[in-house]
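Residue numbers (the numbering used here): 631 to 826. All residues carry an ideal CB built from backbone N, CA and C; glycine is no exception. As the structure is a computational prediction, the values presented were derived from the model and not from experiment.
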Amino acid sequence: MPKIAAANIEEHIRNQGKRILDAAQDLFTTRGYQGTDMADIAESMGLARNSLYRYYSNKDHILVAIVRRDMVPFFDQFNAIEHLIADPKERIDAWIGLQVELAAGPCNAMIRMLGEIPQNTGELDKEISMLHESPMRVLRDAVDQVLAGTGRDLHLVTVMIAGMVRAAVGVAMEKELSDVCIEELQHSIGRILTAG
Numbered sequence: 631m632p633k634i635a636a637a638n639i640e641e642h643i644r645n646q647g648k649r650i651l652d653a654a655q656d657l658f659t660t661r662g663y664q665g666t667d668m669a670d671i672a673e674s675m676g677l678a679r680n681s682l683y684r685y686y687s688n689k690d691h692i693l694v695a696i697v698r699r700d701m702v703p704f705f706d707q708f709n710a711i712e713h714l715i716a717d718p719k720e721r722i723d724a725w726i727g728l729q730v731e732l733a734a735g736p737c738n739a740m741i742r743m744l745g746e747i748p749q750n751t752g753e754l755d756k757e758i759s760m761l762h763e764s765p766m767r768v769l770r771d772a773v774d775q776v777l778a779g780t781g782r783d784l785h786l787v788t789v790m791i792a793g794m795v796r797a798a799v800g801v802a803m804e805k806e807l808s809d810v811c812i813e814e815l816q817h818s819i820g821r822i823l824t825a826g
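1) Can you say whether Tyr-683 is buried or exposed, counting buried as having 16 or more other CB atoms within 10 angstroms of its CB?
2) To the nearest angstrom, how far is the alpha carbon of Ile-643 from that of Leu-651?
3) Reducing DSSP to helix, strand and coil, say where Ile-747 ends up.
4) Please give me, in chain order, every unbroken run of the alpha helix (DSSP H) with length at least 4 that falls completely inside the segment 703 to 744.
5) Thinking Val-694 and Glu-757 are a contact (beta carbons under 8 Å), I'd like their distance in whole angstroms, please.
6) Which whole-angstrom value describes the C-beta separation of Thr-659 and Ala-739, a residue pair presumed to lie in contact below a C-beta threshold of 8 Å?
7) Do Met-760 and Tyr-663 have their CB atoms nearer than 8 Å?
8) When we look at the beta-carbon of Arg-721 and count the other beta-carbons within 10 Å, is it buried (16 or more) or exposed?
9) In angstroms, rounded to a whole number, what distance separates the CA positions of Ile-812 and Val-799?
10) I'd like to check one pair, Gln-816 with Ile-726: are the Cβ atoms closer than 8 Å?
11) How should Met-631 be labelled, buried or exposed, when 16 other C-beta atoms within 10 angstroms of its C-beta is the threshold for buried?
12) From this set, Pro-703, Asp-656, Val-768, which residue's C-alpha is nearest Ala-716's C-alpha?
13) By DSSP, does Asp-783 sit in helix, in strand, or in coil?
14) So, under 8 Å CB-CB, Leu-784 and Val-773 are touching, yes? Tell me the CB distance rounded to an integer number of Å.
15) Is it buried or exposed, Ala-669, if we count other Cβ atoms within 10 angstroms and call 16 or more buried?
16) What is the DSSP secondary structure of Thr-666, counted as helix, strand or coil?
17) Can you name the start and end residues of the alpha helix (DSSP H) that Gly-647 belongs to?
18) Could you check if Lys-648 is buried or exposed, using at least 16 other CB atoms within 10 Å of its CB as the buried criterion?
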């Protein structure tokens with residue numbers, strides 16, 4: 631029976647899970663996602679590879695767990711935007727700022743690596759799409775409030791705004807123009823919301 635370095639099994643499992651995510655994140659950052667496999671992660675921790683499979687079925691699930699963990703502060707901020715900013719247009723502006731901050735922040739590299747996971751992975755696709763639910767709900771609710779009673783397609787406008795933000799954030803990261811990006815997005819999205 632292997633020794634555990636914790637007060638109880640549950641704490642040991644939590645600690646080991648955190649160690650796995652930290653080790654994988656270091657390897658993904660230095661070697662790249664494609665350049666890292668489960669054996670590398672296990673070796674960096676001094677574990678047998680089959681021990682990792684008790685926690686995660688493959689490195690794709692490890693990457694999603696890293697992104698989820700690193701995004702917790704942003705999820706909290708999205709929820710705060712939703713509950714603390716009454717004006718929906720101001721909420722959208724705050725949402726834009728937070729999206730740009732997220733993209734320019736340290737977890738962006740891991741988020742980008744999600745694109746390296748093969749598509750059509752079933753359960754994993756659901757896990758990845760769940761990462762978008764909270765931020766999109768905040769945007770959708772604000773757009774719904776701004777455009778209520780206008781007869782406009784609320785879903786289409788929400789998806790358009792999200793797409794604009796994704797595209798602009800990519801440019802901002804390449805050119806380190808996050809302040810310019812935020813201002814231009816707020817201006818352009820404001821025009822979309824007030825269009826007749």
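For this structure:
1) So Tyr-683 counts as exposed.
2) Those two C-alpha atoms are separated by around 12 Å.
3) Coil.
4) Runs of the alpha helix (DSSP H) inside the segment 703 to 744: 718 to 734, 738 to 743.
5) Glu-757 and Val-694 do touch by the CB rule: their CB atoms are close to 5 Å apart, below 8 Å.
6) 6 Å
7) Against a cut-off of 8 Å, the Cβ pair of Tyr-663 and Met-760 comes out as no contact.
8) buried
9) Taking the Cα positions, Ile-812 is about 9 Å away from Val-799.
10) yes
11) The predicted model places Met-631 with a pLDDT of 43, which falls under 50 and marks its position as unreliable, so this point remains unresolved.
12) Val-768
13) coil
14) 6 Å
15) With fewer than 16 Cβ atoms within 10 Å of its Cβ, Ala-669 is classed as exposed.
16) coil
17) 639 to 661
18) exposed
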